[in-house]
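Each number in the working numbering corresponds to the 1-based position in the sequence shown with 20 added.
One structure below.
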Amino acid sequence: MGAGCTTPSSTKVNYKYRIIFLVLGLLLYLIFGATVLSLTEAEIHANNGRLLRQIRTDFSSKIQNGVVTDMELEQFLVDVVEATGQGIFVTNNVTIRSHWNFGQSFFFVGTLLTTIGYGHTYPLSVIGKVFTVFYCIVGVPLTFLTISVLINQMLCRLWRFKDWLKEKMPSYKELHVQLIHLAILTVLLVVFIFLIPAGIFMTLEDHWQYFDSIYYCVISLTTIGLGDFVPGEDPTQSYREVYNVATTLVAVVNSIPELNMSTYFLTPEKNSDTPETQRLTPPNSPNNNTTSYSATATEEY
21 MGAGCTTPSS TKVNYKYRII FLVLGLLLYL IFGATVLSLT EAEIHANNGR
71 LLRQIRTDFS SKIQNGVVTD MELEQFLVDV VEATGQGIFV TNNVTIRSHW
121 NFGQSFFFVG TLLTTIGYGH TYPLSVIGKV FTVFYCIVGV PLTFLTISVL
171 INQMLCRLWR FKDWLKEKMP SYKELHVQLI HLAILTVLLV VFIFLIPAGI
221 FMTLEDHWQY FDSIYYCVIS LTTIGLGDFV PGEDPTQSYR EVYNVATTLV
271 AVVNSIPELN MSTYFLTPEK NSDTPETQRL TPPNSPNNNT TSYSATATEE
321 Y
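Written out as structure tokens, the structure is:
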């Protein structure tokens with residue numbers, strides 16, 4: 021077990037407080053960013069919504085009078101597509117809701133800090149764009165620092181679990197224990213990171229099939245963020261803001277890169293001091309002789 025997992029009790033207490041401080045700091049930073057952007061962008065979004073409604077009314081009148089040209093039709097379609105990308109809908113049966121309410125803004129800053137960046141939403145005001153630049157400069161390192169500290173704690177528990185398996189299966193070879201350990205963790209990750217969230221998204225999103233939900237989870241977990249499937253975009257959705265906040269927290273958890281369980285497959289017999297092997301060995305592994313970023317962050321925080 022790594023040295024970071026065996027520390028004096030007094031140090032553990034201080035370390036837990038530092039973890040809580042980092043997590044609360046990141047949460048407050050998310051709230052701060054969501055509040056600022058909801059204030060700077062909401063009015064522009066509302067004005068654009070009113071403008072598009074007027075364009076729709078004028079276009080409808082022209083259709084009734086039979087005086088619509090091809091150029092006017094093309095321009096109207098362009099306006100509708102651009103407005104839809106900003107979360108503005110032109111149908112009469114949809115109540116205009118700000119695409120920059122707190123929940124939507126919280127989801128947006130979450131995609132920024134986790135570097136998912138779906139690209140479906142973006143600030144329009146100069147103040148919002150400038151704020152987003154500096155917000156990311158500070159927020160992205162803060163997010164990955166917090167995640168790295170949490171990862172170190174997660175790895176400690178994973179190695180304790182493997183030690184427990186060794187005690188319960190003393191007759192098994194080291195390789196077999198590691199295979200069982202890897203299989204258990206892989207099943208748990210697939211179930212709780214992909215299968216269960218996909219089922220939840222399929223239930224909450226009216227037009228998502230189960231495969232679409234799986235596809236979204238994979239694209240988000242790998243931080244590709246294509247933007248073709250984005251939760252919480254339906255303006256008629258109930259509790260939309262709460263849904264967006266919850267989805268943001270899931271995105272932060274899913275941004276952990278160490279969820280690749282293949283790094284736990286290394287055996288002590290196969291270990292070497294080559295840079296490639298040291299890079300693949302988990303930071304808290306007894307076989308790792310190097311100081312990783314996660315371990316460094318843990319010692320400092």
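For each residue, glycine too, the CB sits at the ideal point set by N, CA and C.
All figures in this text were calculated on a predicted structure; none of them were measured in a lab.
* Asked: Closest by CA to I75, which one among F214, L97, G159, G137?
  -> Translated into positions along the sequence shown, residue 75 becomes position 55. The shortest C-alpha separation from I75 is found at L97.
* **Neighbourhood of L72 by C-beta distance below 8 Å, restricted to the same chain and skipping five residues each side** => To locate residue 72, count along the sequence shown from 1; it is residue 52. Only D99, V100, A103, I108, V110 meet the Cβ criterion.
* N172, enclosing alpha helix (DSSP H) - first and last residue -> By 1-based counting over the sequence shown, the position of residue 172 is 152. Segment 146–188, the alpha helix (DSSP H) holding N172.
* **DSSP state of H201 mapped onto helix, strand, coil** => As a first step, residue 201 is located in the sequence shown; it is residue number 181 there, counting from the start. The answer is helix: DSSP assigns H201 an H, G or I state.
* To do: Report, in whole angstroms, the separation of the C-beta atoms of T55 and S145, which I expect to be a contact under 8 Å.
  => In the sequence shown, counting from the first residue as 1, residue 55 sits at position 35. In the sequence shown, counting from the first residue as 1, residue 145 sits at position 125. So it is not a contact: roughly 15 Å between Cβ atoms.
* Enumerate in chain order the residues of its own chain whose CB-to-CB distance from D232 is below 7 Å, with the five nearest sequence positions on each side excluded. => One-based indexing of the sequence shown puts residue 232 at position 212. Around D232: F249.
* To do: Please go through the same chain and pick out, in chain order, the residues whose beta-carbon is closer than 7 Å to the beta-carbon of L185, but skip the five residues on each side of it.
  => Counting from one through the sequence shown, the residue named residue 185 turns up at place 165. Counting only Cβ-Cβ distances below 7 Å, and skipping sequence neighbours, we find V197, I200, H201.
* To do: State the CB to CB distance for the pair Y49 and L209, rounded to an integer number of angstroms; the pair is presumed to be in contact (CB under 8 Å).
  => Walking along the sequence shown from the start, residue 49 turns up at place 29. Walking along the sequence shown from the start, residue 209 turns up at place 189. No, Y49 and L209 are not in contact; Cβ-Cβ is about 27 Å, not under 8 Å.
* To do: Give every residue of the same chain whose Cβ lies closer than 8 Å to the Cβ of C237, excluding the five residues on either side of it in the sequence, and list them in chain order.
  => For the purposes of this step, residue 237 is taken as the residue at position 217 of the sequence shown. So the list reads I213, F214, P217, A218, F221, N274, once near-sequence residues are dropped.
* To do: Return yes when the Cβ of T152 is within less than 8 Å of the Cβ of P143, no when it is not.
  => In the sequence shown, the residue the question calls residue 143 occupies position 123. In the sequence shown, the residue the question calls residue 152 occupies position 132. For P143 and T152, yes; Cβs fall inside 8 Å.
* **Under the three-state DSSP convention, the category Y236 falls into** => In the sequence shown, residue 236 corresponds to position 216, counting from 1. Three-state result, Y236: helix.
* CB-CB under 8 Å to V43, same chain, minus the five flanking residues each way: which ones, in chain order? -> Your numbering for residue 43 matches position 23 in the sequence shown. T166, L170, listed in sequence order.
* To do: On a CA-only basis, which of F79, N85, Q84 is nearest G91? Give me that one, please.
  => One-based indexing of the sequence shown puts residue 91 at position 71. The displayed chain sequence assigns Met, not Gly, to residue 91. Selected option, being the one with the closest Cα: F79.
* Any idea what DSSP makes of Y35, helix, strand or coil? -> Mapped onto the sequence shown, residue 35 falls at position 15. Helix at Y35.
* To do: Determine the direct distance from the alpha carbon of I64 to that of V239, and round the result to whole angstroms.
  => Taking the sequence shown and counting its residues from 1, the one referred to as residue 239 is at position 219. Taking the sequence shown and counting its residues from 1, the one referred to as residue 64 is at position 44. Sequence inspection shows Ile at residue 239; the Val mentioned does not correspond to that position. Rounded to the nearest angstrom, the two C-alpha atoms are 30 Å apart.
* Label N172 either buried or exposed according to how many other C-beta atoms from any shown protein chain fall within 10 Å of its C-beta, with 16 as the threshold for buried. => Counting from 1 along the sequence shown, the entry for residue 172 is found at position 152. That one is buried.
* Asked: Taking the C-alpha atoms as reference points, what is the distance between F322 and G69?
  -> Coverage of the chain is limited to positions 21 through 321, which leaves residue 322 absent and any answer about it impossible.
* To do: Tell me whether the beta-carbon of N121 lies closer than 8 Å to the beta-carbon of S58.
  => In the sequence shown, counting from the first residue as 1, residue 121 sits at position 101. In the sequence shown, counting from the first residue as 1, residue 58 sits at position 38. Yes. Within cutoff.
* Contact set for T141: own chain, Cβ-Cβ below 6 Å, skip 5 residues either direction -> The sequence position of residue 141 within the sequence shown is 121, counting from 1. Excluding residues within five positions, the ones whose Cβ falls inside 6 Å are F128.
* Asked: Going by the CB atoms, is the gap between G53 and G159 shorter than 8 Å?
  -> Translated into positions along the sequence shown, residue 159 becomes position 139. Translated into positions along the sequence shown, residue 53 becomes position 33. Closer than 8 Å, so yes.
* Span separating the alpha-carbon of L93 from that of T223 -> Numbered from 1 along the sequence shown, position 73 holds the residue referred to as residue 93. Numbered from 1 along the sequence shown, position 203 holds the residue referred to as residue 223. If I take the Cα positions, the gap works out to 37 Å.
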